[in-house]
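**Student:**
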Amino acid sequence: DTEVTQTPKHLVMGMTNKKSLKCEQHMGHRAMYWYKQKAKKPPELMFVYSYEKLSINESVPSRFSPECPNSSLLNLHLHALQPEDSALYLCASSRRGGPWDTQYFGPGTRLTVL
Amino acid sequence: GQQLNQSPQSMFIQEGEDVSMNCTSSSIFNTWLWYKQEPGEGPVLLIALYKAGELTSNGRLTAQFGITRKDSFLNISASIPSDVGIYFCAGLVTGTASKLTFGTGTRLQVTL
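So the sequence lines, in the order shown, correspond to chains A and B. In our numbering, each residue's number is its place in the first sequence (first place is 1) plus 256. In our numbering, each residue's number is its place in the second sequence (first place is 1) plus 74.
(1) Buried or exposed: where does R352 of chain A fall if 16 or more other Cβ atoms within 10 Å of its Cβ makes it buried?
(2) Starting from D145 of chain B and walking both ways along the beta strand (DSSP E), at which residues does that stretch end?
(3) Can you give me the start and stop residues for the beta strand (DSSP E) that L370 of chain A sits inside?
(4) R366 of chain A touches chain B at which residues, Cβ-Cβ below 8 Å?
(5) Under 7 Å between beta-carbons, which chain A residues line up against F176 of chain B? List them in chain order, please.
(6) Between B:G114, B:A122, B:I160, which lies nearest to A137 of chain B when the distance is taken from Cα to Cα?
(7) Please classify E280 of chain A: does DSSP put it in a helix, a strand, or coil?
(8) Leaving out the 5 sequence neighbours to the left and right, which residues in its chain are closer than 6 Å to K294 of chain A when beta-carbon positions are compared?
(9) What is the C-beta distance between V369 of chain A and L332 of chain A, in whole angstroms, given that I count them as a contact (C-beta under 8 Å)?
(10) Is it true that the region 141-158 of chain B meets the region 86-102 of chain B, where meeting means three or more beta-carbon pairs spaced less than 8 Å apart?
(11) Can you list the residues of chain B that L346 of chain A reaches, using a CB-CB cut of under 7 Å?
Dropping the structure here:
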């Protein structure tokens, strides 16, 4: 089973709202990722967690706050977003995060910021 | 940062035709991955390549890891309507172990 699940599937929020995106995997993977994808563009890396510790932050604005409560779960907390943050947010996981690791993606959360 | 040049950008083909697309880079990669993405969904892994020269098949799909480690190719034989989507190549490099570099994508349309 190579399944990564994400909830919700769709999210609409105002600029003053606080919301969270959730990601889960049960493959025993120890590296988890958040990506942002705009229409007709490839995914862009936002954060990497390795063994539940944040290892990469690609200079993402602080209105995006990641959290890894345990090895199976990854959250992305959203606060005071801008309309330009509307995008498909993808979660991925891989075995250890090494240079020969295959990353498996979830179906994504389509976020619209009004 | 590193970039992957993926071509062609888009393809319009008839059902039953074969398809070829490729990715090239100025940098060496340790791993090449090919993904397919349909509208509103996440990328789905098609093929993973780990060694220079490796040729791997997955049904009608065949991908190769270039000998120079700077390129990769994906072929789809006898295309069918459900092959429609965007195909992305992606690579991993030693030293930036967790950071996938994506190609710009090839949009495939299949007509009956």
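From the three backbone atoms N, C-alpha and C, an ideal C-beta is built for every residue, glycine too. From a predicted model like this one, the values you see are computed outputs, not experimental measurements.
**Tutor:** Answer, in terms of the structure:
(1) exposed
(2) 145-150
(3) That residue, L370 of chain A, is in no beta strand (DSSP E); it is neither H nor E in DSSP.
(4) G114
(5) P298, P299
(6) B:A122
(7) strand
(8) A343
(9) So it is not a contact: roughly 14 Å between Cβ atoms.
(10) yes
(11) G116
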